[in-house]
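Chemist:
Numbering (our numbering), first residue to last: 733 to 1013.
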């Protein structure tokens, strides 16, 4: 796909991300019990998630009716991921934070062509921070004052010097419990510290912008990380599977790190792995 085509899509994605952010802010703190559970009591969806996703897809279809679409809240009725131009969106990443009025959530808009992530836009409406990247053209942060800066991962020589982020996730079975807590113990004792903030997309942006050194998790879906993959890699980061091998966007397990050495060190310290079949729950 030509650069001008990606730039046009990026312009639209940024416009829609800001519009979605306004919707998120207008409904923040106003849930009033309108929250549904999906696969567990910790896997939440709100009317705001659905409204944001519908708005974004409707607007994109007006300009790109032939593109394909995958969204978290309509995943069961969406297109299969393929080589075709595909928008992959999480309308509110960090829904639990959103429900509890904890100001750490975002909209994540990713775009793939030939199954390669080539465009990412992530907007944090509470801070008015917009992260964006096109494959091969660097990663940027536009701040609330309108200033746009290039972002880069920060040097981190080893896990013992790293601040790492990890998440419990929404899955609540025994296998996931064992995986999460044994790995948290292993990584936690070997690192400067562990944080858990509640949004995969913003965790990735925090690594990409040098605030954190690494992020690992078992369980997220393609819409949680698609945009972030582009941003992290364009910021100089390293992305891989939790075994240290090649990342599978539908594999539901990953490590984002500031460099390959750190990623491989984390992979070696993960004492429990989980396998997910074809990205399914």
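Ideal Cβ positions, reconstructed from N, Cα and C, are used throughout, including at glycine.
Just so it is clear, the structure is predicted and the values come from calculations on it, not from any experiment.
What whole-angstrom Cβ distance do residue 891 and residue 997 have, given they're in contact under 8 Å?
Modeler: Residue 891 to residue 997, Cβ: 5 Å. Contact.
Chemist: Helix, strand or coil for residue 985, going by three-state DSSP, please let me know.
Modeler: strand
Chemist: Is there contact between the segment 943-954 and the segment 857-875, where contact requires at least three CB pairs shorter than 8 Å?
Modeler: no
Chemist: In three-state DSSP terms, what is residue 932?
Modeler: helix
Chemist: Comparing alpha-carbon positions, which option in 815, 861 and 822 lies nearest residue 783?
Modeler: Looking at the Cα atoms, 822 is the closest of the given residues.
Chemist: Look up residue 775 in the DSSP assignment and say whether it is helix, strand or coil.
Modeler: Summary for residue 775: the model assigns pLDDT 46, below 50, so the residue's position carries little reliability; its value from the coordinates is reported in the next sentence. Under the three-state reduction of DSSP, residue 775 is assigned to coil, being neither helix nor strand.
Chemist: Please report the residue range of the beta strand (DSSP E) in which residue 818 lies.
Modeler: 818-825
Chemist: Use the C-beta contact count for residue 857: other C-beta atoms within 10 angstroms, 16 or more gives buried, fewer gives exposed.
Modeler: buried
Chemist: From which residue to which residue does the beta strand (DSSP E) around residue 866 run?
Modeler: 861-866
Chemist: 8 Å is my cut-off, CB to CB: does residue 901 come that close to chain C?
Modeler: Of the protein chains in this structure there is only one, and it is not chain C.
Chemist: Smallest Cα separation from residue 757: which of 744, 895, 835 and 739?
Modeler: 835
Chemist: Is the separation between the beta-carbon of residue 954 and that of residue 853 shorter than 8 Å?
Modeler: no
Chemist: Using the three-state DSSP reduction, which class does residue 875 fall into: helix, strand or coil?
Modeler: Secondary structure of residue 875 (DSSP, three-state): coil.
Chemist: Rounded to a whole number of angstroms, what is the C-alpha to C-alpha distance between residue 882 and residue 962?
Modeler: 14 Å
Chemist: Who pairs with residue 895 in a beta bridge, going by DSSP?
Modeler: 925
Chemist: Who are the near neighbours of residue 918 in its chain, counting only those whose CB is closer than 8 Å to its CB and skipping five residues on each side?
Modeler: Cβ neighbours of residue 918 beyond the five flanking positions: 1001, 1002 and 1003.
Chemist: Closer than 8 Å by C-beta to residue 785: which residues in its own chain qualify, once you throw out the five before and the five after it? Chain order, please.
Modeler: So the list reads 803, 804, 805, 806, 821 and 823, once near-sequence residues are dropped.
Chemist: Between the Cα of residue 749 and the Cα atoms of 855, 875 and 951, which residue gives the shortest distance?
Modeler: 855
Chemist: In whole angstroms, what separates the C-alpha of residue 1016 from that of residue 960?
Modeler: With the chain represented from 733 up to 1013, any question about residue 1016 goes unanswered, as that position is not in the structure.
Chemist: Measuring straight from C-alpha to C-alpha, what distance separates residue 940 and residue 967?
Modeler: Roughly 5 Å separates the two Cα atoms.
Chemist: Quick one: grab the DSSP three-state call for residue 978.
Modeler: coil
Chemist: Which value, in whole angstroms, describes the spacing of the CA atoms of residue 987 and residue 925?
Modeler: 16 Å
Chemist: Going by DSSP in three states, residue 834 sits in which element: helix, strand or coil?
Modeler: Residue state, collapsed to three classes: coil.
Chemist: Are the Cβ atoms of residue 896 and residue 938 separated by less than 8 Å?
Modeler: For residue 896 and residue 938, no; Cβs fall outside 8 Å.
Chemist: With respect to the alpha helix (DSSP H) encompassing residue 957, which residues constitute its N-terminal and C-terminal limits?
Modeler: 954-966
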